[in-house]
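See structure below.
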Amino acid sequence: MSRRPVVAGNFKMNLLAEEARALASSLRAALVAEPASCDVVLAPVYTSLHAVREALEGSSIALAAQDVHFEDGGAFTGAVGAPFLVDAGCTYVIVGHSERRQLFGERDADVQKKAQAAQRGGLVPIVCVGETLEEREAGRAEEVVLSQVKAGLEGLDLDRVLVAYEPVWAIGTGRTASPDDAQAMHAAIRGSLSAAFRDKVRILYGGSVKADNAAALLGRPDVDGALVGGASLKTESFLPIIRAAKH
Ligand code: PEP
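Just so it is clear: in the sequence shown, position 161 is 1327 by the working numbering, and no numbers are missing.
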């Protein structure tokens, strides 16, 4: 079983193009000096993709978008389809982030179409799942997460997908799932996958991952990396998380 860890930075709606470029350059330089033991992915705002792509040119750090439209092109004002993201240099795209689900009304059916569109276009979707605090307190966390996983992975080639477990109550709140809780949910997600892919699919944890909790989370057997929001916005907070991800 060999699942190389992945650490992905989701800049959300932060960092103007030159700020994102500077961060990418600084991370790149640090990883040239001491290579990472994990795959590293940066997901800037759409309008910063070009600048970050230039900063990463020729490096092993990959570029991601934060969302994708489920149509490839046409009369969809304001939307960005997978072919445009590939054209902008992306190899990954985040789909179904809880902010998209909660603030923009995305449902499992939308996430499914977006993940399929991503793969159709040649991108690796990072399919985000996670329960709310209310769902956890009602004892429904696993049921909710597994049904999101089932919907989000439907029809996908599981060789080309990442899953990110991000409890909604842990995102941007400073509250993190304990390493044991994260491991339990990751094991449940893994157990729900078809036998052929169970040991192959990489499952990232997200939700207030910081330098001081990364090693404990990433040290758990079914936690294959991290999706990092706030702490990915500065080299000094992101680099220690990348360093904590060991094969
Ligand atoms: C995220 O945006 O996916 C995330 C996990 O955010 P934060 O690390 O800030 O909680």
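Cβ coordinates follow ideal geometry from the N, Cα and C atoms, glycine included.
Coil, strand or helix - residue i by DSSP
i: glycine 1396; result: helix
i: asparagine 1180; result: coil
i: histidine 1263; result: coil
i: isoleucine 1408; result: helix
i: isoleucine 1369; result: strand
i: serine 1344; result: coil
Unbroken alpha helix (DSSP H) run spanning residue i, endpoints
i: valine 1252; result: 1248-1253
i: alanine 1330; result: Not the alpha helix (DSSP H): alanine 1330 falls in the beta strand (DSSP E), residues 1328-1331.
i: arginine 1302; result: 1299-1303
Beta-bridge partners of residue i, as assigned by DSSP
i: alanine 1230; result: Tyr1258
i: valine 1172; result: Asp1205 and Gly1391
i: valine 1293; result: Val1261 and Val1329
i: histidine 1352; result: The partner list for histidine 1352 (beta bridge, DSSP) is empty, contrary to what the question assumes.
i: histidine 1235; result: Gly1247
Supposed contact pair residue j and residue i - C-beta distance, whole angstroms, cut 8 Å
i: leucine 1324; j: valine 1293; result: Not really, about 11 Å apart at Cβ, beyond 8 Å.
i: valine 1207; j: alanine 1283; result: Their Cβ separation, rounded to whole angstroms, is 19 Å, which puts valine 1207 and alanine 1283 out of contact at 8 Å.
i: alanine 1410; j: alanine 1380; result: 4 Å
i: glycine 1247; j: glycine 1255; result: Incorrect: roughly 15 Å between the Cβ atoms, too far for contact.
i: valine 1334; j: glycine 1296; result: 5 Å
Residue i, enclosing beta strand (DSSP E) - first and last residue
i: valine 1207; result: 1205-1209
Burial state of residue i (16 or more Cβ within 10 Å)
i: glutamate 1272; result: buried
i: phenylalanine 1242; result: exposed
i: glutamate 1402; result: exposed
i: glutamate 1144; result: Only positions 1167 to 1413 of the chain appear in this structure, which leaves residue 1144 out of reach.
i: proline 1387; result: exposed
Cutoff 8 Å: residue i Cβ touching any chain D Cβ
i: valine 1375; result: In summary, chain D is missing from the structure at hand, where a single protein chain is found.
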